[in-house]
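S.K.:
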Amino acid sequence: MQSLILTTTTRLMAALLLLFSVYSLLRGHNLPGGGFIGGLIGATAFILYTIATSVDEARSALRVDPSNLAMVGVGVAALGGIGAGFAGDPFFTGQWRFLFRDGDSYVPLSTVLIFDIGVYMAVFGGILTLVFALEQEI
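Letter by letter, the sequence shown follows residues 1 to 138 in UniProt numbering.
This is the structure:
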C-alpha cells in the first residue's frame, strides 16, 4: 500500500535531487563536487522514488537499464582520458579547448568534464543496479 503523501513528496524531492546532482556535476571540475558525488545524489533520487513506489515503476521512470548506463559511463570516462593522447600528453592529462567566443571571454570544454560525466553515469548506474537487484530480492 502506497502513501499518497510519501509518493507526492518523493516526486518533488527526486526532481530537486536530480537538478542538484547535475549542478554538482557541472560545478565539480573547477570546485568541490563532480561526477562521483553528482552520481550519488542522482542515484539517491531514484532510490527515494523506489522506496515510495516500486522497483518496476522506478525502472520505467529511468527508461534505461542502469547496468548499461554504468558500462557506457566507464567508456565515456575512458574517452576523457584518451583525449590527452591526441595532444601528445600523458593519459588523463586535462585538456581545455574553447567552444565559442562570448564577447571577450571563451566558453571552455575540457576533457576533465567529459571524464566527470562518465564517472557520473558509472556511479549512477552502478548504485541503481545494486539497489534495484537488492530491492527485487525482498
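For every residue, glycine included, the Cβ atom is placed at its ideal position computed from N, Cα and C.
Using three-state DSSP, classify SER110 as helix, strand or coil.
M.R.: Mapped onto the sequence shown, residue 110 falls at position 110. Looking at SER110 - three-state DSSP - the assignment turns out to be strand.
S.K.: Contact defined as beta carbons within less than 8 Å: I believe VAL119 pairs with PHE46. What is the distance between those atoms, to the nearest angstrom?
M.R.: As a position in the sequence shown, residue 119 is number 119, starting the count at 1. As a position in the sequence shown, residue 46 is number 46, starting the count at 1. That belief does not hold up - the Cβ atoms of VAL119 and PHE46 are roughly 17 Å apart, past 8 Å.
S.K.: Starting from VAL64, trace the alpha helix (DSSP H) in both directions and tell me its first and last residue.
M.R.: To locate residue 64, count along the sequence shown from 1; it is residue 64. Taken as a continuous stretch (DSSP letters only), VAL64 belongs to no alpha helix (DSSP H), as it is neither H nor E.
S.K.: Who are ALA21's beta bridge partners in DSSP?
M.R.: Here residue 21 refers to the residue found at position 21 of the sequence shown. In the sequence as presented, Ala is not what sits at residue 21; that position holds Ser. None, per the DSSP bridge assignment.
S.K.: Measure the Cβ-Cβ separation of GLY42 and LEU18 and say whether it is below 8 Å.
M.R.: What you label residue 42 is simply residue 42 of the sequence shown in a count that begins at 1. What you label residue 18 is simply residue 18 of the sequence shown in a count that begins at 1. Cβ atoms of GLY42 and LEU18: closer than 8 Å.
S.K.: If you reduce the DSSP assignment to three classes, tell me which class SER60 lands in.
M.R.: Counting from 1 along the sequence shown, the entry for residue 60 is found at position 60. Helix.
S.K.: State whether the region 103-112 contacts the region 61-76, with contact taken as three or more CB pairs (one from each stretch) at a distance under 8 Å.
M.R.: no
S.K.: With ALA77 and LEU6 assumed to form a contact (beta carbons below 8 Å), what rounded beta-carbon distance in angstroms separates them?
M.R.: Residue 77 sits at position 77 when you count from the first residue of the sequence shown. Residue 6 sits at position 6 when you count from the first residue of the sequence shown. Wrong, their Cβ atoms sit about 35 Å apart, outside the cutoff.
S.K.: Give me the DSSP bridge partner(s) of ARG97.
M.R.: As a working mapping, residue 97 is identified with position 97 in the sequence shown. DSSP output for ARG97 lists LEU109 as bridge partner(s).
S.K.: Where ASP56 and PHE132 are concerned, what is the direct C-alpha to C-alpha distance, given to the nearest angstrom?
M.R.: To locate residue 56, count along the sequence shown from 1; it is residue 56. To locate residue 132, count along the sequence shown from 1; it is residue 132. Whole-angstrom Cα-Cα distance: 9 Å.
S.K.: Alpha carbon to alpha carbon, how far is GLY83 from PRO90? Give it in angstroms, no decimals.
M.R.: As a first step, residue 90 is located in the sequence shown; it is residue number 90 there, counting from the start. As a first step, residue 83 is located in the sequence shown; it is residue number 83 there, counting from the start. Distance between the alpha carbons of PRO90 and GLY83 is about 10 Å.
S.K.: Does the beta-carbon distance from PHE124 to GLY80 come in below 8 Å?
M.R.: As a first step, residue 124 must be located in the sequence shown, where it is residue number 124. As a first step, residue 80 must be located in the sequence shown, where it is residue number 80. No, the Cβ-Cβ distance between PHE124 and GLY80 is not below 8 Å.
S.K.: Taking the beta carbon of GLY28 as the centre, do at least 16 other beta carbons fall within 10 Å, making it buried, or is it exposed?
M.R.: Looking up residue 28 in the sequence shown gives position 28. Buried is the call here.
S.K.: Leaving aside the five residues before and after ILE127 along the sequence, list all residues of the same chain whose C-beta is less than 6 Å from its C-beta, in chain order.
M.R.: Along the sequence shown, read from residue 1 onward, the residue named residue 127 stands at position 127. Correct list, in chain order: ALA43.
S.K.: Helix, strand or coil for LEU31? Go by DSSP, reduced to three states.
M.R.: Against the sequence shown, residue 31 aligns to sequence position 31. Looking at LEU31 - three-state DSSP - the assignment turns out to be coil, as it is neither helix nor strand.
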